[in-house]
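Just below is one structure, and these are the notes that go with it.
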Amino acid sequence: MNLGVRQMATVRPDDESFEALFTTEYARVAGIANRVLMDQHEAEDVAQEVFIDFHRLHSANAQYAPAWLHRAAAHAALNRLRGSRRRQRREVAQATDVTEANDRIVDPQKQFEVNEDRRQVREALARLAPKPAAVLVLRASGLSYAEVAQALGVGIGQVGTLLRRAEAALRKEVTRGTSL
Amino acid sequence: MVDDPDAHGGADKRHLETCAECQARYGTVSKDALAISSLMTAPELEVDVASAFNRVRSAPAAQPRFGFRLPVMRPGSRPMVLAFATVAAAAALLVTAVAQGGGIFAPATVTPVPVKVADLQALSQLSAYGTLTWTKQPQAQVVTSAAEAKSVSGLTPPTVASLPKGVSSTVTYAATTQGVAVFTFSAAQAAAEAAKTGKPLPKLPAGIDGAKLTVSVGPAVAEIFGNLNQAGASDPTQAGMPQLIVAKSDAPVATSTQVTVKQMEDYLLAQPGISPELSAAIKAIGDPSTTLPIPIPIEFATSSKVTVQGVQGVALGDNTGVGAGVIWIKNGEVFGVAGTVKLADALDIANHLT
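Chains as they are written, first to last, in the working numbering: chain S, 52 to 231; chain P, 5 to 358.
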């Protein structure tokens, strides 16, 4: 008499709603991950994993869907950043190529400084507590104060304070090793 | 104020214009914000959404069997497993622990019955002694509004007066229609089962072959509170963990034919595979014609009787915040409050539920 299983079997999949949600939010979710990882391939990997996890556990019609995706993208990307020392070593080796391709910077000295700053920002981000790191990433990815508040489950009035503290904390971490 | 367009007018700005201290702080904050903004720039992405969707759709994990998984079913959530086990077991136990000497079982109060999980699992063996069919299949749905939950179940979701600190006000609704299950006892099946275990079939009471026990459960509604968009620091798949579930259901009703429910209960409990502990626990119930036994798996929680909204209820858990719940019956409806809260908070929610 397994009521749970019997009842669940009657629920309809919401594939159409999921496709609509994916179309609306994918670029933004990938953008959040890219803000952390600075790597399109990895960012899209993270974004797709986040959508798969969401679809497995939640209804695409849920009101909280975008906020859930944004937060999960930030945390999943930050986790990947923290967990991958090997990746960081690879990044240093590849940084010059990536920067050149994306930014068209030709001054070798300037190019080196930008690469070094970005590398240190990512290392600093990985050292921050999850919430300050997420608030910075979400805001930098273009989310409004209201969207950041929803994603992090805090009041909109707290976002400014969280952001300022996070910026100060990140700057402190980064200042040790950059030209800031 | 540095990058919040809403803060650029009003008293704060006027104050800033005249306060040297605040101007200095504003300067520092602006400098931080500018520096971080510059460092956080990233190359723009050019994504192919259609290809990405195809990749996600072809991933095995993206093909859920039911479109969703009830949060209470998530493994590793002890309080939720407890709550689910309690509710499921309450329904299952009705098959065996119904009214002594009466044709209709409509409980007006609840009582805790400590059992082992193994005892509850043993109830599935009932199918060896007859057929269990749903004449009315309960239909469950997760919905996004109270109105939708009402349209599915016909019940208005209860209103929580105030949530304990730390519990998100984000709410998801679940609703299920009424279900009616009929257990028909079969002497032939019982004899075959007894032969399999090598134990003799207890003497059959007159009229028990073909006797039907009908149990109706629900409809029911549940409010699932939890910051469902809160991703775990190390595992985003844990993001949807509910913090609190508030449920309301029509009280279950059981009827029997040919024999009294007490006779069927006694006979079923005498079958091989039903533990003596469960049998003793059921017999310990004072007056089951008015009492719904709430089985409490002893591995999970302690229980006690409490007064909720002027009636007797069953409380589970403690004040550690690991998990607690309260179940009671009032005016023909069963209510439950359970979650990762302190028992005192669960009781407070229960007493102020409207």
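Where a beta carbon is used, it is the ideal one built from N, C-alpha and C, also for glycine.
is_contact[residue i, chain S] using C-beta, thresh 8 Å
i, result
"methionine 268/P", "no"
"aspartate 16/P", "no"
"phenylalanine 229/P", "no"
"isoleucine 40/P", "yes"
"leucine 351/P", "no"
"leucine 43/P", "yes"
"leucine 49/P", "yes"
"serine 253/P", "no"
"alanine 63/P", "yes"
"alanine 46/P", "yes"
"valine 33/P", "yes"
"valine 330/P", "no"
"serine 157/P", "no"
With 16 other Cβ atoms within 10 Å as the buried cut-off, status of residue i
i, result
"lysine 169/P", "exposed"
"tryptophan 119/S", "buried"
"lysine 252/P", "buried"
"arginine 79/S", "buried"
"serine 166/P", "exposed"
"glutamine 275/P", "buried"
"aspartate 16/P", "exposed"
"serine 307/P", "buried"
"arginine 18/P", "exposed"
"proline 292/P", "Confidence at proline 292/P is low in this model, with a pLDDT of 46, below 50, so the placement of that residue should be treated as unreliable; the coordinate-derived value is given next. Buried, because 16 or more other Cβ atoms sit within 10 Å of the Cβ of proline 292/P."
"glutamine 91/S", "buried"
"leucine 20/P", "exposed"
"threonine 22/P", "exposed"
8 Å Cβ cutoff, residue i in contact with chain P
i, result
"leucine 187/S", "yes"
"arginine 131/S", "no"
"alanine 81/S", "yes"
"glycine 206/S", "no"
"threonine 74/S", "yes"
"alanine 177/S", "no"
"alanine 71/S", "no"
"glutamine 160/S", "no"
"asparagine 85/S", "yes"
Contact check, residue i vs residue j, beta carbons under 8 Å
i, j, result
"methionine 268/P", "alanine 215/P", "yes"
"leucine 221/S", "valine 87/S", "no"
"alanine 178/P", "alanine 255/P", "no"
"alanine 217/S", "proline 181/S", "no"
"proline 162/P", "valine 250/P", "yes"
"arginine 173/S", "leucine 132/S", "yes"
"alanine 191/P", "isoleucine 212/P", "yes"
"glutamine 262/P", "serine 172/P", "no"
"glycine 158/P", "proline 223/P", "yes"
"alanine 155/P", "glycine 183/P", "Correcting the residue identity first, residue 155/P is serine in this sequence and not alanine. No. Outside cutoff."
"lysine 346/P", "alanine 328/P", "yes"
"arginine 215/S", "valine 33/P", "yes"
"tyrosine 77/S", "alanine 98/S", "yes"
"glutamate 100/S", "alanine 125/S", "no"
"valine 225/S", "leucine 43/P", "yes"
"valine 146/P", "serine 110/S", "yes"
"isoleucine 331/P", "glycine 340/P", "yes"
"isoleucine 103/S", "alanine 196/P", "no"
"isoleucine 83/S", "valine 188/S", "yes"
"glutamate 95/S", "alanine 319/P", "no"
"leucine 208/P", "alanine 258/P", "no"
"glycine 230/P", "threonine 174/P", "yes"
"alanine 219/S", "aspartate 36/P", "yes"
"methionine 89/S", "alanine 46/P", "yes"
Best match in the options for proximity to residue i [C-alpha to C-alpha]
i, options, result
"serine 192/S", "Ser41/P, Ser260/P, Val250/P", "Ser41/P"
"asparagine 85/S", "His109/S, Lys161/S, Leu129/S", "Leu129/S"
"lysine 334/P", "Gln316/P, Ala194/P, Ala350/P, Ser173/P", "Gln316/P"
"isoleucine 58/P", "Glu70/S, Asp104/S, Glu198/S", "Checking the sequence shown, residue 58/P turns out to be asparagine, not isoleucine. Measuring from the Cα of asparagine 58/P, the nearest candidate turns out to be Glu70/S."
"tryptophan 138/P", "Ala195/P, Ala185/P, Thr45/P, Leu272/P", "Ala185/P"
"aspartate 270/P", "Phe229/P, Pro206/P, Val175/P, Gln313/P", "Pro206/P"
"isoleucine 359/P", "Thr188/P, Thr344/P, Ser260/P, Leu136/P", "The question about residue 359/P has no answer, for chain P in this structure spans 5 to 358."
"threonine 176/P", "Glu152/P, Phe187/P, Gln193/P", "Glu152/P"
"arginine 122/S", "Val205/S, Lys223/S, Ala219/S, Arg169/S", "Val205/S"
"valine 53/P", "Asp96/S, Asn112/S, Phe105/S, Phe73/S", "Phe73/S"
"asparagine 112/S", "Glu95/S, Thr75/S, Ile83/S", "Thr75/S"
"glutamate 198/S", "Phe105/S, Phe163/S, Pro117/S", "Pro117/S"
"arginine 178/S", "Glu93/S, Gly134/S, Phe163/S", "Gly134/S"
"aspartate 349/P", "Ala46/P, Val312/P, Gly336/P, Val338/P", "Val312/P"
"threonine 358/P", "Thr264/P, Gln27/P, Val164/P", "Val164/P"
"serine 260/P", "Thr180/P, Tyr30/P, Phe189/P, Asn355/P", "Phe189/P"
Neighbour flag for residue i against chain A, beta carbons, 8 Å
i, result
"valine 199/S", "Among the chains of the structure shown, chain A does not appear; the protein chains present are S and P."
Residue ranges of each alpha helix (DSSP H) run of no fewer than 4 residues wholly in the region 162-227 of chain P, ordered along the chain? Runs found: 191-201.
Completely contained alpha helix (DSSP H) runs for the region 85-145 of chain S, where each covers 4 or more residues: The DSSP assignment places complete alpha helix (DSSP H) segments of no fewer than 4 residues inside the region 85-145 of chain S at 91-108, 116-133, in order along the chain.
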